[in-house]
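Just add 575 to wherever you are in the sequence shown, counting from 1, and you've got the numbering used here.
Glycine is no exception: its CB is placed at the ideal position from the N, C-alpha and C atoms.
Since the structure comes first, as structure tokens, the remarks are kept for the end.
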Amino acid sequence: MGRHTSFNKDKALDNALALFWSRGFSASSLRQLEEATDLHPGSLYHHFKNKEGLYLHVLQYYIEHYLQLRIQKYLSSGHPLEGLRRFLTAGYRHSRDTQYQNCCFLACTSTELHLLPDQATELVKQAVNTIQQALLAQIIKGAEKNLIDPNLSVSDAARELTSFFLGLQLMARISPNQHQLDLLVKHSLQHILNPKI
């Protein structure tokens with residue numbers, strides 16, 4: 576029996592994302608991608624041109640649907656320092672949730688940028704900048720509420736926290752010990768932000 580002719584792009588991208596997220600770009604075969612997306616080779620090429628094109632679509636989809644949701648959920652309201660902590664810890668604390676997978680997809684992608692088209696690098700840079708701007712806004716809220724050191728350079732703190740976030744994602748994938756990662760987050764937030772406790 577043949578495959579369905581209807582095409583749900585979001586479902587195909589979600590399924591391809593799950594495969595790329597768990598296996599990476601190079602280890603995901605075209606056959607696995609065809610099965611994951613429920614597309615035969617001709618349809619896959621028609622909609623996405625090639626494996627690299629599919630990956631670029633998946634990366635854009637992740638940024639728009641997963642990363643933006645994570646930013647909105649943790650960095651747009653509530654207590655600024657608690658939001659920062661929850662944003663940092665969500666990946667490994669909710670690793671069974673398909674939305675997190677124990678590592679930010681951007682960090683996973685960054686390890687294979689040399690295999691991907693230049694557009695992937697640009698998408699990752701834009702997404703990292705989006706994270707940095709969201710962290711900056713949260714840090715500014717904390718400073719305005721007198722929760723962190725008023726002499727802190729908020730832009731430097733946002734850059735450091737962004738770098739820490741990306742490194743933490745890889746650490747969570749390599750060694751997902753929640754207690755150790757929580758301590759690392761706590762100490763790093765204290766070091767970077769010098770909160771008033």
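On the DSSP letters alone, give me the boundaries of the alpha helix (DSSP H) that ASP613 sits inside.
Counting along the chain, ASP613 falls outside any alpha helix (DSSP H), and DSSP gives it neither H nor E.
Kindly provide the ranges of any beta strand (DSSP E) runs that are 3 or more residues long and lie completely inside the region 653 to 710, ordered along the chain.
none
C-beta contact flag for LEU663 and LEU629 at 8 angstroms
no
Check whether the Cβ atoms of ALA702 and LEU745 lie closer than 8 angstroms to each other.
no
Mind checking who PRO725 pairs with in its DSSP beta bridge?
Beta-bridge pairing links PRO725 to no other residue.
Selection from GLU657, ASN583, ALA591, GLU735 that minimises the alpha carbon distance to LYS716:
GLU657
Can you give the Cα-Cα distance for HIS650 and ASN769, rounded to whole angstroms?
A small correction: the amino acid at residue 650 is Leu; His does not occupy that position in the sequence shown. Looking at the two C-alpha atoms, the distance is approximately 19 angstroms.
Report back the beta-carbon spacing between ILE714 and ILE706 to the nearest angstrom; my notes put them in contact at under 8 angstroms.
Not really, about 12 angstroms apart at Cβ, beyond 8 angstroms.
Within 10 angstroms of the Cβ of ARG606, are there 16 or more other Cβ atoms? Answer buried if so, exposed if not.
exposed
When you compare only the Cα positions, how much space is there between LEU828 and VAL729?
One cannot answer for residue 828 here, as it falls past the ends of the chain, which runs 576 to 772.
Can you check DSSP and say which residues form a bridge with PRO770?
ILE723
Among HIS654, ASN625, ALA602, ALA733, which one has its Cα closest to the Cα of THR686?
ALA602
Classify LEU619 as buried or exposed, calling it buried when 16 or more other Cβ atoms lie within 10 Å of its own Cβ.
buried
Measure the alpha-carbon distance for HIS640 versus ASP693 and round it to whole angstroms.
22 angstroms
Can you check which of these residues, ARG598, ASN721, SER750, SER763, is closest to ALA732 by C-alpha distance?
SER763
In the structure shown, what three-state DSSP assignment does ASN590 receive?
helix
Looking at C-alpha atoms only, which residue of THR737, HIS766, PHE595 is the closest neighbour of GLU627?
PHE595
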